[in-house]
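S.K.:
There are 4 protein chains.
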Amino acid sequence: MTEPIGDGGDQVEVAHHGYISDKQQYLRRLRRIEGQARGLSRMIEEEKYCIDILTQVSALTRALQAVAMGLLDDHLEHCVMDAARVGGDEAEAKLKEASEAIGRLVRS
Amino acid sequence: MTEPIGDGGDQVEVAHHGYISDKQQYLRRLRRIEGQARGLSRMIEEEKYCIDILTQVSALTRALQAVAMGLLDDHLEHCVMDAARVGGDEAEAKLKEASEAIGRLVRS
Amino acid sequence: MTEPIGDGGDQVEVAHHGYISDKQQYLRRLRRIEGQARGLSRMIEEEKYCIDILTQVSALTRALQAVAMGLLDDHLEHCVMDAARVGGDEAEAKLKEASEAIGRLVRS
Amino acid sequence: MTEPIGDGGDQVEVAHHGYISDKQQYLRRLRRIEGQARGLSRMIEEEKYCIDILTQVSALTRALQAVAMGLLDDHLEHCVMDAARVGGDEAEAKLKEASEAIGRLVRS
């Protein structure tokens, strides 16, 4: 499952986390999220209207959920599917772990 | 919507936004949230395990919701309550606006 | 705050819960929700496809949230606003209680 | 996709929907949920205090989410895992479908 990149070394474990293909896209989205968080601070600093701040908090929450859903899809598609093919305890453990992560997303 | 108090000056916009008393606390919490967003970028950058990233996304979402609930409480306590005492269309409008913000929080 | 209706008696407390005007509408919506829950049982009984059942669960959850938002609006509009006009501890207590209910809706 | 069990008959479609082992448990939980919905109607009928009704709505929503998480786990464990072992378009389609169902749960 591990695909060493470059000369390997301590990066050996790098490549098998499924989101690698979209890494730049995730980093862009997270930079935007960071900017939104900074924007919230500025709105509080400037004492903008509460309701407008709440609207921005909802937008930020939705942006985060979209990132989470993307990461989850990548994880199911790569890591969980790979484990499914291997089967046994590994598959079961991966599934249990994914299910708990989904549960946290649903409740948060 | 701005209600100047006293002789105003740079406090002109200040007084009717209920969260002023806790401004520093909100700014601290938002700085922490910004740091959490930066931490997510770092985790993606270093290609940490998806499930660990998802756990951090859930934690960040909960931190944001706690800020939102705090802002909403402040808003209801000050802005909506003040409008309630005045009554009439203003009270109704404030309530409708708060209700829509709550709806966005519930669904996000 | 209590407005006795009819000859009062054990109905004395009836009228001050703000949703009275829409009572029939809420009952209709809840009957539909009950029917949706019964439909879920039937789908399980007949072993329908999981994903189709999950779609119905999401629809039922949204229907419940819509009822909750309606009840909350009514509560804010009547009970909390009335308390706001009275002011003091009563207003504060009503607001705290409403805020906790909103928090439960946001997290559930 | 259909794996007839026993002599088939009208059970032909039975075996590939993963929750069969827990069918009675799901039916019990859904009967309880139906009862909770009926209880909500009764509370509205008797004009109970809004906040108490909202508390029951939150409890019902959580019960529904727990059923949804159970069904999703079963679905991932059986249907998606089986598809993963087969691989190809089927696996991809199952995963996309599951991901969309998760997205609806997260947002609802």
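Protein chains in written order, with the numbering used here: chain A, -19 to 88; chain B, -19 to 88; chain C, -19 to 88; chain D, -19 to 88.
A virtual CB, placed ideally from N, CA and C, is assigned to each residue, including glycine.
Listing by chain order, which chain D residues have their CB less than 7 Å from the CB of A48/C?
M.R.: Walking along the third sequence from the start, residue 48/C turns up at place 68. Those within 7 Å of A48/C in chain D are L34 and V37.
S.K.: For A81/D, decide whether its Cβ has a neighbour in chain C, counting only Cβ atoms nearer than 8 Å.
M.R.: Position 101 of the fourth sequence, counted from the first residue, corresponds to residue 81/D. It does: the Cβ of A81/D has a partner Cβ on chain C nearer than 8 Å.
S.K.: On the CB-based measure, 16 or more other CB atoms within 10 Å of its CB, does E14/C come out buried or exposed?
M.R.: Position 34 of the third sequence, counting from 1, holds the residue named residue 14/C. By the neighbour-count rule (16 or more Cβ atoms within 10 Å), E14/C is buried.
S.K.: Give me the chain D residues within the contact set of A17/C, using Cβ-Cβ distance strictly less than 7 Å, ordered along the chain.
M.R.: The sequence position of residue 17/C within the third sequence is 37, counting from 1. Correct list: L10, I13, E14 and A17.
S.K.: List the endpoints of the continuous alpha helix (DSSP H) containing L85/C.
M.R.: Counting from one through the third sequence, the residue named residue 85/C turns up at place 105. Per DSSP, L85/C belongs to the alpha helix (DSSP H) from G68 to R87.
S.K.: Could you tell me which chain D residues have their CB closer than 8 Å to the CB of D53/A, listed as they occur along the chain?
M.R.: Mapped onto the first sequence, residue 53/A falls at position 73. Residues of chain D passing the Cβ test: L75 and S79.
S.K.: What is the DSSP secondary structure of Y29/A, counted as helix, strand or coil?
M.R.: Here residue 29/A corresponds to residue number 49 of the first sequence, with the count starting at 1. Here Y29/A sits in coil by DSSP.
S.K.: Taking 8 Å as the CB-CB cut-off, is Y70/D touching chain A?
M.R.: For the purposes of this step, residue 70/D is identified with residue 90 of the fourth sequence, where counting begins at 1. It should be pointed out that residue 70/D corresponds to Glu in this sequence rather than to Tyr. It does not; no Cβ of chain A falls within 8 Å.
S.K.: Using CA coordinates, which residue listed in R65/A, D54/A, D62/A and V86/A is at the minimum distance from Y6/A?
M.R.: The sequence position of residue 6/A within the first sequence is 26, counting from 1. Taking only the C-alpha atoms, the option nearest Y6/A is D54/A.
S.K.: Using 8 Å as the limit for Cβ to Cβ distance, is A64/D near chain F?
M.R.: Of the protein chains in the structure, A, B, C and D, none is chain F.
S.K.: Is the number of C-beta pairs between the stretch 20 to 37 of chain D and the stretch 19 to 28 of chain C that are closer than 8 Å three or more?
M.R.: The stretch 20 to 37 of chain D, when compared against the stretch 19 to 28 of chain C, does not touch it at the 8 Å Cβ threshold.
S.K.: Less than 8 Å separating the beta-carbons of A71/A and A63/A?
M.R.: Working through the first sequence from its first residue, we reach residue 71/A at position 91. Working through the first sequence from its first residue, we reach residue 63/A at position 83. Yes; because the gap between Cβ atoms is below 8 Å, this pair is in contact.
S.K.: Between K28/C, V60/C and A17/C, which lies nearest to R8/D when the distance is taken from Cα to Cα?
M.R.: Your numbering for residue 8/D matches position 28 in the fourth sequence. It is A17/C.
S.K.: Compare the C-beta of E57/B with all C-beta atoms of chain A and state if any pair is closer than 8 Å.
M.R.: Position 77 of the second sequence, counted from the first residue, corresponds to residue 57/B. For E57/B, the answer is no, since every Cβ of chain A falls outside 8 Å of its Cβ.
S.K.: So, A81/B versus L44/B, is the Cβ gap smaller than 8 Å?
M.R.: Taking the second sequence and counting its residues from 1, the one referred to as residue 81/B is at position 101. Taking the second sequence and counting its residues from 1, the one referred to as residue 44/B is at position 64. Result no, Cβ atoms of A81/B and L44/B do not sit closer than 8 Å.
S.K.: Pull up the CB-CB distance for V86/D and L85/A, whole angstroms please, since I reckon it's below 8 Å.
M.R.: Within the fourth sequence, residue 86/D is the residue found at index 106, counting from 1. Within the first sequence, residue 85/A is the residue found at index 105, counting from 1. 5 Å between Cβ atoms; contact.
S.K.: How would you label S88/C, buried or exposed, when you count the other beta carbons within 10 angstroms and need 16 or more for buried?
M.R.: Reading the third sequence from its first residue, position 108 is the one you call residue 88/C. Buried, by the Cβ-count rule.
S.K.: Would you kindly work out how many angstroms separate the C-alpha atoms of V(-6)/D and G19/C, rounded to a whole number?
M.R.: Residue -6/D sits at position 14 when you count from the first residue of the fourth sequence. Residue 19/C sits at position 39 when you count from the first residue of the third sequence. In this prediction, V(-6)/D has a pLDDT of 43, which is less than 50 and means its spatial position is unreliable; what the coordinates show is noted afterwards. Approximately 18 Å, taken between the alpha carbons.
S.K.: List the residues of chain A whose Cβ lies closer than 9 Å to the Cβ of Q5/D, in chain order.
M.R.: Locating residue 5/D in the fourth sequence gives position 25, where the first residue counts as 1. Result: empty, since nearest Cβ-Cβ is about 17 Å, beyond 9 Å.
S.K.: Could you check whether the Cβ of L40/C sits closer than 8 Å to any Cβ belonging to chain B?
M.R.: Looking up residue 40/C in the third sequence gives position 60. No - not a single Cβ of chain B is within 8 Å of the one on L40/C.
S.K.: Taking CB distances under 8 Å as the criterion, tell me whether M61/B reaches chain C.
M.R.: Position 81 of the second sequence holds residue 61/B. For M61/B, the answer is yes, since a Cβ of chain C falls inside 8 Å of its Cβ.
S.K.: Under 8 Å by Cβ, that's how I've got G83/D and M61/A pegged, so tell me the actual separation to the nearest angstrom.
M.R.: Taking the first residue of the fourth sequence as position 1, residue 83/D is located at position 103. Taking the first residue of the first sequence as position 1, residue 61/A is located at position 81. The Cβ separation is near 18 Å, so there is no contact.
S.K.: Under 8 Å between the Cβ atoms of V47/D and L10/D?
M.R.: In the fourth sequence, residue 47/D corresponds to position 67, counting from 1. In the fourth sequence, residue 10/D corresponds to position 30, counting from 1. Yes. Within cutoff.
S.K.: Counting only C-beta atoms, is L44/B closer than 8 Å to chain C at any point?
M.R.: Locating residue 44/B in the second sequence gives position 64, counting from the first residue. No - not a single Cβ of chain C is within 8 Å of the one on L44/B.
S.K.: So that I know if they touch, is there some Cβ in chain B lying closer than 8 Å to that of L85/C?
M.R.: As a first step, residue 85/C must be located in the third sequence, where it is residue number 105. Cβ-Cβ to chain B under 8 Å: yes for L85/C.
S.K.: Thinking just about the alpha-carbon of each residue, which of Q4/B, C30/B, K3/B and D2/B is nearest to the one in K3/A?
M.R.: The residue you call residue 3/A lines up with position 23 of the first sequence. For K3/A, the nearest C-alpha among the options comes from C30/B.
S.K.: Just the Cα atoms here: how many angstroms apart are H58/D and T41/C?
M.R.: Translated into positions along the fourth sequence, residue 58/D becomes position 78. Translated into positions along the third sequence, residue 41/C becomes position 61. So the alpha carbons of these two residues sit roughly 25 Å apart.
S.K.: If the criterion is Cβ atoms closer than 8 Å, does the pair R65/D and R65/A meet it?
M.R.: Here residue 65/D corresponds to residue number 85 of the fourth sequence, with the count starting at 1. Here residue 65/A corresponds to residue number 85 of the first sequence, with the count starting at 1. Yes, the pair counts as a contact, with Cβ atoms nearer than the cut-off.
S.K.: Looking only at its chain, what residues have a beta carbon closer than 8 Å to the beta carbon of I33/C, apart from the 5 residues adjacent to it on each side?
M.R.: Taking the first residue of the third sequence as 1, we reach residue 33/C at position 53. Contacts found: L20, M23 and I24.
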